[in-house]
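To get our numbering, take the position in the sequence shown, counting from 1, and add 1110.
Contents: one structure, followed by commentary.
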Amino acid sequence: MTSLAIILILATSGCAANPSKGTSGATIGAATGAIAGQAIGRSTKATLLGAAIGGMLGYIVGNEMDKYDKEQLNQVYENSPSHKRSQWVNPDNKRSYTVTPQPAYTQPSGQVCREAEILATVDGRPEKVVSTACRDNEGRWVIQK
């Protein structure tokens, strides 16, 4: 089932000639969510739910955050104390972000991860999402969602 979900996601995302960051984020998020849903729930329903949630979060993060914002978010994961808010305004698109990182935790696999609550103001509308980053083999934070 997981393979089918991934194939469908990739097949439909390939229809866009120049996919936006939102489309790319939704595709990656849906694929990741489908895999996570299958691993956790081991059912078609869990896989589809994971794909839907992952797609939505991927779209939000991919569509709203550009390279500058992702670099700023990575700095928060790396340097900010837990529960201490960090803020910035993107100089190009004027979107503002307030990020509150949470304490790092270790997954059963041994990978160190950290969540952060992101409050963004996009076109005057507040948006809220929880992002997760985990350290890779070189010790860098890699944003998962």
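For each residue, glycine too, the CB sits at the ideal point set by N, CA and C.
Item: In whole angstroms, give me the CA-to-CA distance for threonine 1208 and alanine 1230.; Value: 6 angstroms
Item: Could you say which of Gly1220, Ile1253 and Glu1248 lies nearest to glutamate 1227 if we only look at CA atoms?; Value: Ile1253
Item: Count the other C-beta atoms from every protein chain shown that fall within 10 angstroms of the C-beta of serine 1219, then say buried if there are 16 or more, exposed otherwise.; Value: exposed
Item: In the region 1137-1192, which residue ranges form an unbroken alpha helix (DSSP H) of at least 4 residues, counting only runs that do not cross its ends?; Value: 1154-1174 and 1177-1189
Item: To the nearest angstrom, how far is the alpha carbon of glycine 1160 from that of aspartate 1202?; Value: 33 angstroms
Item: Taking the C-alpha atoms as reference points, what is the distance between alanine 1156 and alanine 1144?; Value: 8 angstroms
Item: Quick one: Cα of serine 1153 to Cα of lysine 1204, how far?; Value: 43 angstroms
Item: Residues in its own chain within less than 6 angstroms of glutamate 1237 by CB, not counting five upstream and five downstream?; Value: Ala1230
Item: Leaving out five residues on either side along the sequence, give the residues of the same chain with a beta carbon under 6 angstroms from the beta carbon of asparagine 1200.; Value: Tyr1178 and Asp1179
Item: Alpha carbon to alpha carbon, what distance is there between glutamine 1217 and asparagine 1247?; Value: 14 angstroms
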